[in-house]
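Going by the numbering used here, the sequence shown opens with residue 17, and the numbers climb by one from there. The beta carbon of each residue, even a glycine, is placed where N, CA and C say it ideally should be. Treat the numbers as computed from the prediction; the structure is a model and nothing was measured. Each remark here refers to the structure printed beneath this line.
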Amino acid sequence: MSAYEEFRFDPERCRLELEEFERLLMERPELSERADILPFFRTRRHLAALLGSYNPNANVYDRLAIELSLFGEFTADVSAGDSSKNAFCLIEFEDGKPNSIFTLRGRRAREWASRFERGFSQIVDWLWKLDDQRRCRADHRPGERTRGRRQGAADVAPRTRCRELETCTLLHVR
Numbered sequence: 017m018s019a020y021e022e023f024r025f026d027p028e029r030c031r032l033e034l035e036e037f038e039r040l041l042m043e044r045p046e047l048s049e050r051a052d053i054l055p056f057f058r059t060r061r062h063l064a065a066l067l068g069s070y071n072p073n074a075n076v077y078d079r080l081a082i083e084l085s086l087f088g089e090f091t092a093d094v095s096a097g098d099s100s101k102n103a104f105c106l107i108e109f110e111d112g113k114p115n116s117i118f119t120l121r122g123r124r125a126r127e128w129a130s131r132f133e134r135g136f137s138q139i140v141d142w143l144w145k146l147d148d149q150r151r152c153r154a155d156h157r158p159g160e161r162t163r164g165r166r167q168g169a170a171d172v173a174p175r176t177r178c179r180e181l182e183t184c185t186l187l188h189v190r
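Next up, the structure:
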């Protein structure tokens, strides 16, 4: 799993990589996340960095990570963004197949495909974890130690309570 690395975005190089992506989509009716999509973006770093543009607060794309570990629990396939504004976009790829987003249930009813639901659920998990991190950061200052227990901590399962405290502590390690 990689960490963010400094990156210098080249729009001309990105344009060439975008043309390669268009050719890939035209030539292959189905794409596998692990065999096709992730390896493609791993070797087309300028196109991967452009994905940071989905965050409207990112003006430059100077940080890039492929398979970024998130909190030791999750992995984003690509993350790119603007380090000066702390504006990043986390990307989760899934297969590109006819039934990757919808499947038929019965004769007419369509429902989300399991592959899509898995990817979407992973993004929801990231958002929950990021929100927990923000709340934890707002409740604690760097160098501050928590003494005693928060009100209601006895009602929380010990594993969860421990994980909450560890999360807050990890934010302040530099």
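Cβ-Cβ distances below 7 Å link Ile139 to Glu108 in the same chain, with the five nearest sequence neighbours on each side left out; the list follows chain order. Contact between Glu33 and Leu63 holds, with the beta-carbon distance rounding to 4 Å and staying under 8 Å.
Around the CB of Gly68, 16 or more other CB atoms lie within 10 Å, so the residue is classed as buried. Taking a C-beta distance under 7 Å as the contact criterion, Arg126 and Phe118 qualify as a contact pair.
In the same chain as Lys145, and ignoring 5 residues on each side of it, the C-beta atoms closer than 8 Å to its own belong to Leu86, Phe87, Glu89 and Phe90, in chain order.
In the structure shown, the three-state DSSP call for Asp93 is strand. Here DSSP, grouped into helix, strand and coil, assigns Ile107 to strand.
In this structure, Glu22 and Arg79 form a Cβ contact; the two beta carbons are roughly 7 Å apart against a cut-off of 8 Å. In its chain, beyond the 5 residues on either side, Lys101 and Ala103 have a beta carbon closer than 6 Å to the beta carbon of Asn73. With respect to Glu110, Glu38 sits apart: the two C-beta atoms are not nearer than 7 Å.
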